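Structure first, commentary second.
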Amino acid sequence: MKCYYCALEGKDSEAVAICIVCGMGLCMDHIIRKDIDVWEGGYPLPSKRVKTPMPRILCPECYNALYAK
Amino acid sequence: MTISLGKRCVAEAVGMFILVFFGTGAAIVTLMLAAGTTPATPFNIGIGALGGLGDWLAIGLAFGIAIAGSIYALGRISGCHINPAVTIALYATRRLPGKDVVPYIAAQLVGAAAASLLLAWVIGPDAVTIGGLGATAPFAGIGYLQAIVIEAIGTFLLMLVIMGVAVDERATPGFAGLMVGLAVAGIITTTGNLTGASLNPARTFGPYLGDWLLAGQSLWEFFPIYIIGPIVGAVLAAFLYDYLTSE
Ligand SMILES: [Zn+2]
Ligand SMILES: [Zn+2]
Chain H
567 MKCYYCALEG
577 KDSEAVAICI
587 VCGMGLCMDH
597 IIRKDIDVWE
607 GGYPLPSKRV
617 KTPMPRILCP
627 ECYNALYAK
Chain V
820 MTISLGKRCV
830 AEAVGMFILV
840 FFGTGAAIVT
850 LMLAAGTTPA
860 TPFNIGIGAL
870 GGLGDWLAIG
880 LAFGIAIAGS
890 IYALGRISGC
900 HINPAVTIAL
910 YATRRLPGKD
920 VVPYIAAQLV
930 GAAAASLLLA
940 WVIGPDAVTI
950 GGLGATAPFA
960 GIGYLQAIVI
970 EAIGTFLLML
980 VIMGVAVDER
990 ATPGFAGLMV
1000 GLAVAGIITT
1010 TGNLTGASLN
1020 PARTFGPYLG
1030 DWLLAGQSLW
1040 EFFPIYIIGP
1050 IVGAVLAAFL
1060 YDYLTSE
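If you're matching them up, the sequences are chains H and V in order.
According to my numbering, the residues represented by the first sequence are 567 to 635, in order.
According to my numbering, the residues represented by the second sequence are 820 to 1066, in order.
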């Protein structure tokens, strides 16, 4: 697969990841990595944050849609 | 990693405050509403004078809904035990680290005391003189040992429900707070007019402290009922559940 953004600019770069939301292919320059903390457990015990967060790759547009204030 | 012990203790204190403020508050208001009525028997202290067992159901639901709300709000922070018997049962079955036990119980006692003292202030002197701050004591005809057994059986059911709907990883998610609250409401409906249905040493501690400080009325002789009964019942339920669900 090729990078969608690079294709828009007429470049032809291999995708290294896929946006988990919209599914577009992304090159290294166009990915946004937004890790998610994982919490497990809960009532009647305090929930625990798992040491390693879960990786998540987004494209710039989905990132903006989800997080832009 | 979990949230810091300090914040978890604040959560326990706040949850306990909510339980005692709304739960014992309902008992106080019921006694104030019934003041002036002449109960037919010494077994009737006023709660039950207006609506029979419905009075106890109402008080039970006040406790239960406050508990459910606290569990949904604070459960993931501290575990929202809001009950030293639950804390000890979770420690006894190796679910809660030993170093958390004393701070949790201290926080619960502080939250309960704050709620009782604040109830006395916001409602006024009648909360103490008529409502007794919702303190628990065995009712007429209920002996000391019987009271311990009643508190133990009540807390046994409470802890069994906590094990089944919350501790067990196979439990349907989301129902824990509601079911634990309803279990408390049901237990109070049946055993309220026997022992006061404390099920919780901290819940009894708050009103005892308030009555003692504000009215010089000491009920401490009954305190062991509400320490021994709930702890024995909760620990038994936790071990029984683990035994029944072990391969
Ligand atoms: Zn996207
Ligand atoms: Zn690209």
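We treat Cβ as the ideally placed atom computed from N, Cα and C, and that holds for glycine.
Nothing here was measured: the structure is a model prediction, and the numbers come from that model.
The closest heavy atom of ligand 1 lies 7 Å or more from the beta carbon of residue 998 of chain V. Contact check for residue 936 of chain V against residue 844 of chain V fails: the beta carbons are separated by 8 Å or more. Per DSSP, the continuous alpha helix (DSSP H) segment holding residue 1031 of chain V begins and ends at 1020 to 1034. Within the region 887 to 908 of chain V, the residues whose Cβ lies closer than 7 Å to any Cβ of chain H are, in chain order, 890, 894, 895, 896, 897, 898, 899, 900 and 905. Residue nearest to residue 822 of chain V within the set V:952, V:893, V:839 and V:838 is V:893 (criterion: CA-CA distance). Contact between residue 905 of chain V and residue 610 of chain H holds: their C-beta atoms lie close to 7 Å from each other, under 8 Å.
Chain V places no beta carbon closer than 8 Å to that of residue 629 of chain H, leaving this residue out of the contacts. Residue 910 of chain V and residue 960 of chain V have their alpha carbons spaced roughly 35 Å apart. Burial state of residue 588 of chain H is exposed, judged by a 10 Å Cβ sphere holding fewer than 16 other Cβ atoms. Between the beta-carbon of residue 1052 of chain V and that of residue 975 of chain V there is about 4 Å, and that keeps the pair under the 8 Å contact cut. A residue is listed when its beta-carbon falls short of 6 Å from at least one non-hydrogen atom of ligand 1; in chain order these are H:585, H:587, H:588, H:590, H:624, H:625, H:627 and H:628. Checking the 7 Å criterion, the Cβ of residue 578 of chain H is out of range of every heavy atom belonging to ligand 2.
Neighbours of residue 820 of chain V in chain H, taken as residues at a C-beta separation under 7 Å, are given in chain order as 614 and 615. Taking the Cα positions, residue 947 of chain V is about 22 Å away from residue 885 of chain V.
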